Amino acid sequence: MLQNKKIIVAVTASIAAYKSAFLVRLLVKKGVEVKVLMSQRATEFITPLTLATLSKNPVFVDFVKDKTGIWHNHVELGLWADAIVVAPASAHTLAKCANGICDNLLTATYFSARCPVFFAPAMDLDMYRHPATEENLRKLESYGNYIIPSEYGELASGLIGEGRMAEPEHIVAFLENFFQEKQIFAGKKVMITAGATREAIDPVRFISNHSTGKMGFALAECFAQKGAEVHLIAANTAIAQPEKVSFYKVSSAQEMFEVAQTLVEQMDICIFSAAVADYRPKEVATEKIKKNSETLTLELIKNVDIAFSLGQKKKKNQFFVGFALETQNEIENALQKLKKKNFDIVVLNSLKDEGAGFAYDTNKISILDKNGNKTDFSLKSKKEVAEDIVGYVYESLF
Ligand code: CTP
C-alpha cells in the first residue's frame, strides 16, 4: 500500500524525535521514498546525519543550505510529497500550523503542501491536555489534516498518561489504513488490451505504431488495486508487468484477437486501449526482403477490428470502453466509433493537446458517453488519468 509513495517525515523538537529514526526505517522498508524535514531545534534531539543515512536522502533544515546559496524550495517539497507526517509534532509546531505561523522550512512546507498531512503529537501529559493544545488539534483537523492520537504510557518526565508519540509501527499502520484502496471492483473481471501490434513484413521487419502501452498498464494497475481480477493483453510493450494481473504477451492484431476472444465471455468490463494496426501485409516474406529494386510495393489487407468484432456480441451486463486518438473532427469521429463499436464510453485523446498521446507520461482526455455527454479532464499523469477513467466506469456501473 505504501510502496513507491513519497512521504515527508517532519521532525520537530521533542524527546520522541529519537523514534523518528525507527519511523523512517520502517517506511523505507515498506518501499516509501522518504525525505526528512527537521526544525532547527529538532537537530538537538537527533542528528540530521542519522536521518539522512536512514532515509537515503539529504535532510532539510533551513531554507538555505549553509552558505552555499542553494535554496530549498518549500513549494517543490510540498508538491513532491504524497503525504507529510509530522512526527513528533511538538505543541509549538501544532500551534504554529493551527494558527498560520510560518517561521521555518518545515512550517512553510506544511502551508504549501497539497497532500494529506498527518500530525503525531508528542508532549507531556498536561501540555497535551491543555485547552490550547486541544483547540489547536481541533483546528488542524478542521483544515483537513489527520491527527494520529498520542498513546498512553510513561512519559519522559516520569508522569504516566497520554502524550507519548504513537509508536512508529502504529504510525505506519495508520498510513497504510489511509492509503488502502477500497476494493470497489471486488468480484469484477476486467480485460484490457494495450500496446502496439506488430504486423510482419518479413522475418526481420514489421509495421507498427508509437503506442507504448503506458495508459493500458496504468489502467490495469488501478483496477487491480481496487480489487478487480485483471487480464492484460499486451502487445510489444517494454513496461514491467503490473502486480496481481494476469498477463498475456502477444504481438500481432490476430494474436491479440485470439486471446481476447477466449476471455471476453467471462468479463464484466473490457477496455480497448491497444493501438491495433488496421492493416497487415497480405503476404509475409519467408526470407528477408533484399533491396533489389528501386521501389517496393506492399499490398496490405485489413486486420480484424478487435473492439468491433467483440462489440457485436457484447452482453447486456458488460461494459466496454474504447479509445479514440483523433487529429481532426475529434468529437464527431469519437462518437461514431462509440456507436459503431458498441462502446459504452469512449476516451478521446487529441494529438493537438500538448503532453498528451504516445510516449508521454501525461495525458489529457475527454470521456464521451452514449447519451452524448462529454466530460473534460485536465492534463495529468497517466496514473491519475487511469484513476479518472476507473472512477468514471465505477460511477457508470454502480
Ligand atoms: N481497435 C481494435 N482493433 C482494431 C482497431 C481498433 O480493437 N483493429 C480499437 C482500439 O483499441 C480503440 C478503438 O478501437 O479502442 C478505436 O481505435 P482507432 O484506431 O482510433 O479507430 P479505428 O477504428 O482504427 O479508426 P481509424 O483508424 O480509421 O480512425
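To convert, count from 1 in the sequence shown and add 629; that's my numbering. Glycine is no exception: its CB is placed at the ideal position from the N, C-alpha and C atoms. All of these numbers come straight from a predicted model, not from anything done at the bench.
DSSP beta-bridge partners of residue i
| i | result |
| --- | --- |
| Y908 | K931 |
| D998 | I974 |
| P750 | A718 |
| L666 | A639, F689 |
| T991 | S1010 |
| S979 | E955 |
| Y775 | F747 |
| S938 | Paired residues: none, contrary to the question. |
| S875 | H860 |
| K818 | E858 |
| I699 | K694 |
| I713 | I637, V746 |
Given residue i as reference, the closest of the options once Cα atoms are compared
| i | options | result |
| --- | --- | --- |
| S649 | A751, I789, E916, F692 | A751 |
| R670 | H860, A863, I776, S643 | S643 |
| F846 | R834, K873, E828 | K873 |
| A953 | L939, K943, K969 | K969 |
| E916 | A829, E887, L861 | A829 |
| E961 | D732, A681, N978 | N978 |
| G1020 | T866, L1008, F852 | F852 |
| L769 | F740, E850, G782 | F740 |
| Q965 | N992, Q941, L939, L997 | L997 |
| L666 | F651, N686, L656, L655 | N686 |
| A936 | A914, L927, A903 | A903 |
| S719 | T641, H799, A1015, N992 | T641 |
| K658 | K634, S786, L788 | K634 |
| H759 | K943, E783, A785, H721 | H721 |
| E805 | F876, K817, A712 | A712 |
| A742 | R767, A749, L754, N774 | N774 |
| V1038 | H701, L708, V714 | Lying before the first or after the last residue shown, residue 1038 is absent from the chain, which here runs from 630 to 1027. |
| P910 | M896, F835, G856, Y1023 | F835 |
| N932 | F901, F886, K944, E763 | F886 |
| E912 | K942, I930, E763, V1022 | I930 |
| C731 | E1024, E850, S668 | S668 |
| K725 | L680, F747, D982, N765 | N765 |
| K944 | E894, T866, F901, S995 | E894 |
| S881 | S875, N921, T822 | T822 |
| I789 | A795, L754, D691, H799 | L754 |
Local Cβ density within 10 Å of residue i, reported as buried at 16 or more and exposed below that
| i | result |
| --- | --- |
| Q854 | buried |
| T841 | buried |
| V704 | exposed |
| G951 | buried |
| H860 | buried |
| V693 | exposed |
| N728 | exposed |
| T924 | exposed |
| P723 | Per the sequence shown, the amino acid found at residue 723 is Leu instead of Pro. L723 comes out buried. |
Which of helix, strand or coil DSSP assigns to residue i
| i | result |
| --- | --- |
| C726 | helix |
| D1005 | strand |
| E858 | strand |
| L784 | coil |
| T679 | helix |
| T924 | coil |
| T841 | coil |
| L954 | strand |
| G824 | strand |
| S881 | coil |
| D831 | strand |
| G707 | helix |
| E791 | strand |
| L803 | Rather than Leu, the amino acid found at residue 803 in this sequence is Phe. Residue state, collapsed to three classes: helix. |
| K917 | coil |
| C731 | coil |
| I960 | helix |
| I1018 | helix |
| F808 | helix |
| F846 | helix |
| K674 | The sequence shown places Phe at residue 674, not Lys. In the structure shown, F674 sits in coil (DSSP, three-state: anything other than H, G, I, E or B). |
| F1027 | coil |
Cβ pair residue i, residue j closer than 8 Å
| i | j | result |
| --- | --- | --- |
| L892 | M820 | yes |
| A864 | T826 | yes |
| S1007 | D990 | no |
| L656 | V801 | yes |
| A906 | D831 | no |
| L939 | A889 | yes |
| A646 | F674 | yes |
is_contact[residue i, chain C] using C-beta, thresh 8 Å
| i | result |
| --- | --- |
| S922 | Structure shown: chain C not included; a single protein chain is present. |
Residue i CB to nearest heavy atom of the ligand GTP below 7 Å
| i | result |
| --- | --- |
| A867 | The ligand content of the structure shown is limited to the ligand CTP, which means the ligand GTP is not among them. |
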